[in-house]
Amino acid sequence: MKKILPVEELARDSRFVRVQIQEAMMDPRQAKVAERNTGSAKLQPERPAAPDRARQLMHGIFMGELQALEGAGRTTFDFDDEDVPFQLKLDMARQSWDESRHCEISVKLAEHMGTEIGEFSEATFLYEAACAEDALLRLTGVNRALEGLAIDVFNTMKEFGDSSGDPVLAACEDWMLADEVTHVKMGSDWLRRLTENDPERRELALEFQRTVDKLFSLGGFRGETDENPIQLARKFRQMAGFSTDEIDELSEVTVEAQAEAEAMATAEQQAS
Amino acid sequence: MARVEVTPEQFTLVEYDAGVIAGIAEELASKVGLPDDVPVRIEIDEELPLPLTGSTADVVEGGAVLWFSGADFEDGRRRAVFNDQLARAELAMALFRAGDRLQGFADAPPDESLSDAQRAAWEAFAEGRAARLGEFARKVRRQYVFRLYNGFTDVADDAFERLWTTERFTWSELDALCAECKAADPRPEPKQRSAIRKETLRAQG
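Taken in order, these protein sequences are the chains called A and B. For what it's worth, our numbering labels the leading residue of the first sequence as 5, then goes sequentially. For what it's worth, our numbering labels the leading residue of the second sequence as 2, then goes sequentially.
Structure representation (structure tokens):
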């Protein structure tokens, strides 16, 4: 069986339509909306268009879970015992089991909110971050960056479930959040172990993580202000092995990502 | 057949066709029972993408005045592309609501002044009727919105079923149903309204 499966070969049926994340960021409507008062982007029941914001995010979570399953599954298979410790592969197998359960939960939650699978487009940048040929980079890209984003997303969605009084959403997100903390902790622990005597390699891996984190901040999608739909979950990140300095640094990355996206959108608008 | 006017006549940011939308609205206006002599003015704000959905349905000087976020008609899988099925569902719901204002809902406040709970209830009542006409309907989605604003309770679920399956309702009956749901809802009173409002979305300056 082929190792390092390219994103184009992921199995999808006709319900799924893929888009490039750049398409969304270059949509001329984004710059127009930025000039308006559409209320806070933070996900709260009283925010404008809250039900559809939540439905779209829930579908995005499902797609993310599917790609996380594919990514962890590939890591279990793509590396031989000479490349990585067997225990690491065992952790990835356990994570695949968790992710497949998350897929099932996410499908049911989407249905609970009146969303069909494939109702929204699929962006594949999550899986793309899971295609690094170096196991260490993959671990930081997937377990520290991607799963870190999952912590932020699940915590945001859980808070939305709590504030809207939706017991199903709140309970399911809480369960999945607990798993994600474990997944990030696995990444933090393995990063430490695999680079114990190689600080240069550790720095290289962390640099890759910073790049992926910036990509996952999606031009302001994640951050710590009311303008960010997804809030950085400091407490859970600390539980998952992130230091306060690392979280502060990530917070700065999210601000940079938002500023860059706004500059790109303005340039696009001026050019058109 | 109702006289329908769609603004803008030409869309520049989305792949929508004003003529197509007017055609759908004309067909649906007749289907939902809007009198032929009631003009229908539809304004679509093409600058608003998914998920910034929202709409209003009012009657001004005897005419139906409908406002939609462009997101209401947008295909979730293809950016800025018109989705005929969604457009039909949204237009049918708004036309039913405008028609209600001419009969039985004359004392309802204008759309900008409705609470989220009242709006969700009225939309459930409208979409349920559209479903019985054979139009595409989103019952679970509508129920989720209803629960979000009227409570995740058995009382709210019973109220939703009544709204979805009933052919006739008045504004005061609908308002009373929302009050019943509120009495059974353990959540604190919302601090503000949520739905995208035309006034708050106008471009500055």
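Glycine included, each C-beta is placed from N, C-alpha and C at the ideal position. Here the structure is a predicted model, which means the values were calculated and not measured.
- Distances from the CA of B:V146 to each of B:R133, B:A132, B:F126 and B:F137 were compared; the closest alpha carbon is that of B:F126.
- For chain A, the residues of the region 124-145 of chain B that bring a beta carbon within less than 9 Å of one of its beta carbons are R139, K140, V141, R142, R143, Q144 and Y145, in chain order.
- With 16 or more other CB atoms across the displayed protein chains lying within 10 angstroms of its CB, B:V7 is buried.
- Interface annotation, B:G77: in contact with chain A, CB-CB separation under 8 Å.
- With 16 or more other Cβ atoms inside 10 Å of its own Cβ, A:N232 counts as buried.
- With respect to chain A, the C-beta atom of B:G64 has no partner C-beta closer than 8 Å.
- With distances taken between CA atoms, A:L141 lies nearest to A:W194 out of A:D31, A:Q274, A:R19 and A:W194.
- With a cutoff of 8 Å on beta-carbon distance, B:S31 and B:L53 are scored as not near each other.
- Excluding five sequence positions before and after B:F97, the CB atoms of its chain that fall closer than 6 Å to its own CB belong to V33, A127 and R130, given in chain order.
- Residue range E151 to S168 is occupied by the alpha helix (DSSP H) that includes A:I155.
- Separation of B:T171 and A:E151 (C-alpha to C-alpha, rounded to the nearest whole angstrom) is 50 Å.
- Classified as buried, A:F83 has 16 or more neighbouring CB atoms from the shown chains inside 10 Å of its CB.
- In the three-state DSSP reduction, A:G68 falls in the helix class (H, G or I).
- The beta carbon of A:A28 sits closer than 8 Å to some beta carbon of chain B.
- Setting aside the 5 residues that flank it on each side, A:H187 is surrounded in the same chain by Q99, N147 and E151, each with a C-beta closer than 6 Å to its C-beta; the list follows chain order.
- Secondary structure at A:A28: helix, using DSSP grouped into helix, strand and coil.
- The region 12-31 of chain A makes no contact with the region 86-100 of chain B: fewer than 3 CB pairs, one atom from each, lie closer than 8 Å.
- At a cut-off of 8 Å between beta carbons, A:G118 contacts chain B.
- Annotated three-state conformation of B:T8 is strand, per DSSP.
- Put simply, the region 170-183 of chain A does not touch the region 124-138 of chain A. Fewer than three CB pairs are less than 8 Å apart.
- Residues of the region 29-58 of chain A with a C-beta less than 9 Å from any C-beta of chain B: D31, P32, R33, Q34, K36, V37, E39, R40, N41, T42, G43, Q48, P49, E50, R51, P52, A53, A54, P55, D56, R57 and A58, listed in chain order.
- A:L181: member of the alpha helix (DSSP H) spanning P171 to L198, first to last residue.
- Put simply, the CB of A:S18 is far from chain B, with every gap to its CB atoms at 8 Å or more.
- By DSSP's assignment, B:S70 forms a beta bridge with B:D46.
- Within the same chain, M117 and T119 come within 6 Å of A:R59 by CB-CB distance, once the 5 residues on both sides are set aside.
- Against chain A, the CB of B:P50 has a partner CB under 8 Å away; the residue lies at that interface.
- A buried status is given to A:K93, since no fewer than 16 other beta-carbon atoms sit within 10 Å of its beta-carbon.
- According to the DSSP assignment, B:T13 belongs to no alpha helix (DSSP H), since it is labelled neither H nor E.
- Within the model, the alpha-carbon separation for A:R238 versus B:G64 is close to 53 Å.
- For the C-beta of A:E177, not a single chain B residue is nearer than 7 Å; the gap to the nearest is close to 15 Å.
- In chain order, P49 and E50 make up the part of chain A whose C-beta sits under 8 Å from the C-beta of B:P191.
- Note on geometry: alpha-carbon atoms of A:R196 and A:D183 lie some 20 Å from one another.
- In terms of beta-carbon proximity, B:F12 stays away from the interface with chain A, with every pair separated by 8 Å or more.
- Residue-level contact check: B:R98 does not touch chain A, since none of the beta carbons of chain A fall below 8 Å from its beta carbon.
- Following the DSSP letters along the chain, one finds A:T229 in no beta strand (DSSP E), marked with neither H nor E.
- In its chain, beyond the 5 residues on either side, I65, F66 and E69 have a beta carbon closer than 6 Å to the beta carbon of A:S110.
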